[in-house]
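Each residue of the sequence shown is one higher than the last, beginning at 222 in the working numbering.
The structure appears below as structure tokens.
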Amino acid sequence: MVPSTVTALPALPLTANGKLDASRLPEPVLTRAVRPDAPAPADEGLADRLSAVWSRVLGVPVGPDDDFFELGGNSLFAIRIGTAMRAEGLPAVRLRDLYRRPTVRALLTELAAGEGSG
């Protein structure tokens, strides 16, 4: 298991008894992969809808280049994403395609190339 965020602190907040004071720890901040050279997705409307489904299932904001696995995705979330996409009337996606193309942008490319359904 890999943490989704790492926050460096100068020192851990401690209680008067010298134990970790978890209530004083900062909230984790998720950073997005930034690819300024990446073109906009060919179908931005579909990209927005896919991002919204992924965000809802994963519980974090998702951009076109955010990696499914780096955001905490696993096989159960992959199944939930496939189910949610069908419920939204979006194209069906094979789990294999989601695993091989773990970003919204890459998945859109797959969907455009072969409709990715199965």
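Each residue gets a CB set at the ideal place from its N, CA and C atoms; glycine is no exception.
Using three-state DSSP, classify residue i as helix, strand or coil.
| i | result |
| --- | --- |
| G339 | Confidence is the limiting factor: at G339 the pLDDT is only 45, short of 50, which leaves the residue's position unreliable, though a coordinate-based value still follows. Residue state, collapsed to three classes: coil. |
Are there 16 or more other CB atoms within 10 angstroms of the CB of residue i, so buried, or fewer, so exposed?
| i | result |
| --- | --- |
| I300 | exposed |
| T324 | buried |
| G239 | exposed |
| V227 | exposed |
| Y320 | exposed |
Let me check understanding here. Comparing Cα to Cα, which of the options lies closest to residue i?
| i | options | result |
| --- | --- | --- |
| P282 | V250, A229 and G310 | V250 |
Hey, residue i and residue j: beta-carbon distance below 8 Å or not?
| i | j | result |
| --- | --- | --- |
| L271 | L328 | yes |
| L246 | P234 | yes |
| R326 | P285 | yes |
| V314 | F298 | no |
In the DSSP assignment, find the unbroken alpha helix (DSSP H) run with residue i in it and report its ends.
| i | result |
| --- | --- |
| L319 | L316 to R321 |
| L297 | S296 to A308 |
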